[in-house]
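Under our numbering, think of the first position of the sequence shown as 125, with each following residue one higher.
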Amino acid sequence: MVGDSVAASLAALRADTATLTRRHLHHTFRTAGERLAHWSASGVDTEPFGTGRESVRERLAELGLAKPLPLSRTLVGAESTRAGAFGGFHHPDQGYRHLQAVSLITMYGPMEGDTPVHPELALLDLLRAWAHDSLHYGSRRRYVDVAGVPTRVQYGINYRRTNGATYSMADTGDACHTRNLGVVMERACDREARRLTREAAALAGVAEPDDPARRLAFRDITGNLSPADVATDPGEAHGEEGTYLVSLARYERTVNQRYAAFLAEFAPGEEDELHALVLRSVISGRTAGLSEWLDERHGPGAFAGVFQASDYFTPSTVP
């Protein structure tokens, strides 16, 4: 943070999460710790989350992140008054909110109760979302004051000038690859979160469900979706669950598959090495190691050549 005014503004935002939860008036949000304690007291076996959480903490420490997102800053919505409400990782308008330093998550499955209808999937979905948002939480950020408003000018290895210019341009809607750092960082976080959740599911002995909608959700949560699973928007379910499955498939196609293409394009045979390097760079906010790695394989200036928008340094005003 640059300047005392920025620190004060962010502190005020982070002291009040109601501005976020008010956008979900039908749902009741409680901290992840409170939700897990209630589910456990209600007879739900929460061990898959507990063991997975420790694995996440160990892995994040390896990557350079000493402190994951606190459960007290992770708000889980349930007890919805909206008939047919359906939650989970792909529920609209949720995820990590950097200005408030809080994550909004919804309980996977039907949301009208205070305990999950599908406990195993709900716990794995919560683990995936928490691990994912922990990486966002731990990503390097820099804020400056712009007309009294705290403005983020760096997130991980992506940048934005105070005039609004972004370092890398958005991908076209029909792209099969990516040249956008936002997509790279988002998918890197989710690839890692889903790998760790897949390990937790295996340790807990959670099997793939037979029901088509649950099976698709399980494959998504654990990172086992095939291209055929999301080649077209799913049509098995209706209502909010159907909308959820459509969002799941589109996220896989427009984020996850594009990142997989990026790794295959720039690190054939070394995908895991480049992926880990991306995560370490996002956490530290330093691009030197990543740039050197890419330069060695693709020539000098590879990072900027791949990602930098041609007009990024165009003056915001012309005399």
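Glycine included, each C-beta is placed from N, C-alpha and C at the ideal position. Owing to the predicted nature of the structure, the values given are computational and were not obtained by experimental measurement.
Whole-angstrom distance between residue j and residue i, CA atom to CA atom
i      : j      : result
Phe213 : His256 : 10 Å
Ala317 : Ala388 : 20 Å
Ala325 : His301 : 30 Å
Asp419 : Ala426 : 5 Å
Ile345 : Ala299 : 24 Å
Glu397 : Thr170 : 33 Å
Phe342 : Phe437 : 44 Å
Val115 : Lys191 : For residue 115 there is no data in the structure shown, the boundaries of the chain being 125 and 443.
Leu193 : Phe386 : 28 Å
Ser166 : Ala384 : 40 Å
Element boundaries [beta strand (DSSP E), containing residue i]
i      : result
Arg221 : Gly219 to Arg221
Arg410 : Here Arg410 belongs to no beta strand (DSSP E), and DSSP marks it neither H nor E.
Arg154 : Thr152 to Thr155
Where residue i falls: helix, strand or coil (DSSP)
i      : result
Pro234 : strand
Val442 : Residue placement at Val442 cannot be trusted, given a pLDDT of 46 that sits under 50; what the coordinates show is reported in the next sentence. Looking at Val442 - three-state DSSP - the assignment turns out to be coil, as it is neither helix nor strand.
Gly201 : strand
Arg181 : helix
Gly174 : helix
Asp269 : strand
Arg303 : coil
Pro336 : helix
Phe342 : helix
Among the options, the one whose alpha carbon lies nearest that of residue i
i      : options                           : result
Pro445 : Gly288, Phe390, Ala131 and Arg159 : Limits of the chain in this structure are 125 at one end and 443 at the other, which puts residue 445 out of reach.
Leu245 : Tyr232, Ala253 and Glu236         : Tyr232
Asp269 : Ser133, Thr175, Leu340 and Phe386 : Ser133
Pro351 : Ala331, Pro333 and Leu372         : Leu372
Arg266 : Ala135, Tyr279, Gln432 and Arg138 : Tyr279
Gly297 : Asp140, Ala428 and Arg382         : Arg382
Gly157 : Thr378, Gly201, Leu149 and Thr275 : Gly201
Gly219 : Val330, Leu184, Ala289 and Arg147 : Arg147
Ala391 : Arg421, Ser415 and Thr411         : Arg421
Arg322 : Gly429, Val180 and Val130         : Val180
Ser196 : Ala161, Gly188 and Arg183         : Ala161
First through last residue of the alpha helix (DSSP H) which encompasses residue i
i      : result
Val430 : Ala426 to Phe431
Gln381 : Gln381 to Phe390
Thr143 : Ala142 to Thr145
Thr367 : Gly363 to Tyr375
Ser258 : Pro243 to Tyr261
Val130 : Asp128 to Arg138
Rounded distance between the beta-carbons of residue j and residue i, thought under 8 Å
i      : j      : result
Thr145 : Leu199 : 7 Å
Phe210 : Tyr368 : 5 Å
Leu93  : Ile229 : In the structure as shown, the chain begins at 125 and stops at 443. Residue 93 is therefore absent and cannot be evaluated.
Tyr261 : Gln432 : Actually they do not touch by this definition, with Cβ atoms about 26 Å apart.
Leu247 : Ala312 : Between Ala312 and Leu247 the Cβ distance is about 24 Å, and since that is not below 8 Å, they are no contact.
Residue i at chain C interface by Cβ criterion, 9 Å
i      : result
Asp269 : Although the question refers to chain C, the structure presented lacks it and comprises just one protein chain.
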